[in-house]
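> Before I ask anything, here is the structure I am working with.
Chains as they are written, first to last, in the working numbering: chain A, 3 to 161; chain F, 3 to 161.
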C-alpha cells in the first residue's frame, strides 16, 4: 500500500519540482495559500517508493521561546498526510481528524523530516501516522484521517 | 477555575491591546513569530470572566480548495489553549498533546470564534478543550494538554 506508482505525484496540476538549492528534485504544491505562506514544505519519493517530507526551520516558524511553534509542526504534519496519501488518493480529500504528541523542541536552522505510512486505505477514509525528526531525535508523533471528497451526482443540490 | 482574575492577561510582557478596528479592545501576543505571521489571532475576557478568541479569515489562511487550511485551524486552536489557560498558567508552558476533529469548512471573510474551557488544572499539566465556530456553525472541536515549564534549580545542566 505504501509502494508508490511512479506517477503518484503527477495528479495535481499545481505540482512544482524544485530545480536548485538543498531541496533540488523535491516537490511541493503551489496553489495552497496557507502552505505557501508557511513553507516551503517539500516531499519526494525515495528509491523504495516511500514518501519523504521535509522543511528547513526559519525564523517565521518559531514561537516566543525560539522553538518551532506547535501550530507549525501540526501544519507541516497535515501537509505530510496528503503527501503520504498520494499513492491512494486519486482525487481531492479533506482531513477529518488529527492527533499528536509534542516530544521535543526544534530550533532555527534545523532540518525537520517526516517518516510516515498509510495504516489503512478504505473506500471513504484513509488512515495515516507518522513521526517528525531532526536527525535521530524524535520531535513529534501524529496520526490523522483523510476523507475522500466524492463528486456529487449531476443534479444534486448541496444542502 | 474558568473565572479569570482581572490581571490574568497582564503577565506577559509582549501583550498588545488593539486600539482600533473590529478587534478594538482585544488582546494578542507579539513576540511569537509564527502567530504574528499567521494571525493576528485575538483574545479577550467577557464580563463573566470567560476567555473569547477570534480571527477573521484572510486569503493567507486558505488551502487549495479555498477553505481554511487544517493547519490554520490547528494553529489558532493552539493559540486558544494558551489564552484559555491564562487564568492558571503563571509561567511558561508547552503543548504536549493535541487532538481535533474537522466538522465543517470556513471561508474567506468569515469570523472564526473559539469557545473553550479548562477541564483540569494540575500542578504539572493543564487539560483544555474547545470548539471553533462561525456564527452558530461548529467548524472544529479540539482538546489539548499544556505542561507547565518549571525553572530548573540553579546549577542544573540540561541533558
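Idealized CB from N, CA, C, for every residue including glycine.
1. Should residue 50 of chain A be flagged as near chain F, meaning a C-beta pair shorter than 8 Å?
2. Would you tell me roughly how many angstroms separate the C-alpha atoms of residue 28 of chain A and residue 137 of chain F, rounded to the nearest one?
3. Starting from residue 56 of chain A and walking both ways along the beta strand (DSSP E), at which residues does that stretch end?
4. Work out the CA separation of residue 134 of chain A and residue 152 of chain A for me, nearest whole Å.
5. In chain order, what residues of the same chain lie with their CB nearer than 6 Å to the CB of residue 26 of chain A, ignoring the 5 residues before and after it?
6. Among all the DSSP beta bridges, which residues are the ones paired with residue 96 of chain A?
7. So which residues on chain A does residue 102 of chain F lean against when the C-beta distance must stay under 8 Å?
8. Quick check: what's the CA-CA separation for residue 99 of chain A versus residue 146 of chain A?
9. Could you tell me whether the Cβ atoms of residue 63 of chain A and residue 55 of chain A are closer together than 8 Å?
10. With burial defined as no fewer than 16 other Cβ atoms inside 10 Å of the residue's Cβ, what is the status of residue 37 of chain A: buried or exposed?
11. Check residue 135 of chain A in the structure and name its three-state DSSP category.
12. Quick check on the DSSP output: what are the complete alpha helix (DSSP H) runs of length 4 or more inside the segment 66 to 132 of chain A, in order along the chain?
13. Does residue 96 of chain F come within less than 8 Å of chain A when only Cβ atoms are used?
14. Which residues in the same chain as residue 14 of chain A place their Cβ atom closer than 7 Å to its Cβ, once the five residues preceding and following it in sequence are excluded?
15. Please list, in chain order, the chain F residues whose beta carbon lies closer than 9 Å to that of residue 55 of chain A.
16. If you drop the 5 nearest sequence neighbours on each side, which residues of the same chain put their C-beta closer than 7 Å to that of residue 106 of chain F?
17. Note down the Cα distance separating residue 82 of chain F from residue 45 of chain F, rounded to an integer number of angstroms.
18. Give me the chain F residues within the contact set of residue 31 of chain A, using Cβ-Cβ distance strictly less than 9 Å, ordered along the chain.
19. Can you check which of these residues, A/22, A/40 and A/111, is closest to residue 79 of chain A by C-alpha distance?
20. Relative to chain A, which residues along the segment 143 to 155 of chain F have a C-beta separation below 7 Å, given in chain order?
21. What residues from chain A crowd round residue 37 of chain F, counting only those whose CB sits closer than 9 Å?
22. In chain order, what residues of the same chain lie with their CB nearer than 6 Å to the CB of residue 23 of chain A, ignoring the 5 residues before and after it?
Per the coordinate set shown:
1. Within the first chain, numbered from 1, the residue matching residue 50 of chain A stands at position 48. It does not: the Cβ of residue 50 of chain A has no partner Cβ on chain F nearer than 8 Å.
2. Indexing the first chain from 1 puts residue 28 of chain A at position 26. Indexing the second chain from 1 puts residue 137 of chain F at position 135. Rounded to the nearest angstrom, the two C-alpha atoms are 41 Å apart.
3. On the first chain, residue 56 of chain A is found 54 positions in, with the first residue counted as 1. First-last of the beta strand (DSSP E) with residue 56 of chain A: 53 to 58.
4. What you label residue 152 of chain A is simply residue 150 of the first chain in a count that begins at 1. What you label residue 134 of chain A is simply residue 132 of the first chain in a count that begins at 1. Computed Cα separation, rounded: 30 Å.
5. Position 24 of the first chain, counted from the first residue, corresponds to residue 26 of chain A. Hits under 6 Å: 20.
6. Here the question's residue 96 of chain A lines up with position 94 in the first chain. Answer is A/149, bridged to residue 96 of chain A.
7. Here residue 102 of chain F refers to the residue found at position 100 of the second chain. By Cβ distance, chain A contributes 99, 100 and 101.
8. The residue given as residue 99 of chain A occupies position 97 in the first chain. The residue given as residue 146 of chain A occupies position 144 in the first chain. Straight-line Cα distance between these residues: approximately 6 Å.
9. Taking the first residue of the first chain as position 1, residue 63 of chain A is located at position 61. Taking the first residue of the first chain as position 1, residue 55 of chain A is located at position 53. Taking 8 Å as the Cβ cut-off, residue 63 of chain A and residue 55 of chain A do not qualify as a contacting pair.
10. Against the first chain, residue 37 of chain A aligns to sequence position 35. Flag for residue 37 of chain A reads buried.
11. For this step, residue 135 of chain A is matched to residue 133 along the first chain. Strand at residue 135 of chain A.
12. Fully enclosed alpha helix (DSSP H) runs of 4 or longer: 72 to 86.
13. What you label residue 96 of chain F is simply residue 94 of the second chain in a count that begins at 1. Output row for residue 96 of chain F: interface = yes.
14. Locating residue 14 of chain A in the first chain gives position 12, where the first residue counts as 1. If we look at residue 14 of chain A and ignore the five residues flanking it on each side, its Cβ neighbours are 31.
15. Taking the first chain and counting its residues from 1, the one referred to as residue 55 of chain A is at position 53. None at all; the shortest Cβ gap to chain F is about 13 Å.
16. One-based indexing of the second chain puts residue 106 of chain F at position 104. The answer, listed in chain order, is 139, 140 and 141.
17. On the second chain, residue 82 of chain F is found 80 positions in, with the first residue counted as 1. On the second chain, residue 45 of chain F is found 43 positions in, with the first residue counted as 1. So the alpha carbons of these two residues sit roughly 8 Å apart.
18. Position 29 of the first chain holds residue 31 of chain A. Within chain F, the residues near residue 31 of chain A are 66.
19. In the first chain, residue 79 of chain A corresponds to position 77, counting from 1. Out of A/22, A/40 and A/111, A/40 has the C-alpha closest to the C-alpha of residue 79 of chain A.
20. none
21. Indexing the second chain from 1 puts residue 37 of chain F at position 35. Ordered by position in chain A, the residues that pass the 9 Å Cβ test against residue 37 of chain F are 65, 66, 71 and 73.
22. The sequence position of residue 23 of chain A within the first chain is 21, counting from 1. Correct list: empty, nothing qualifies.
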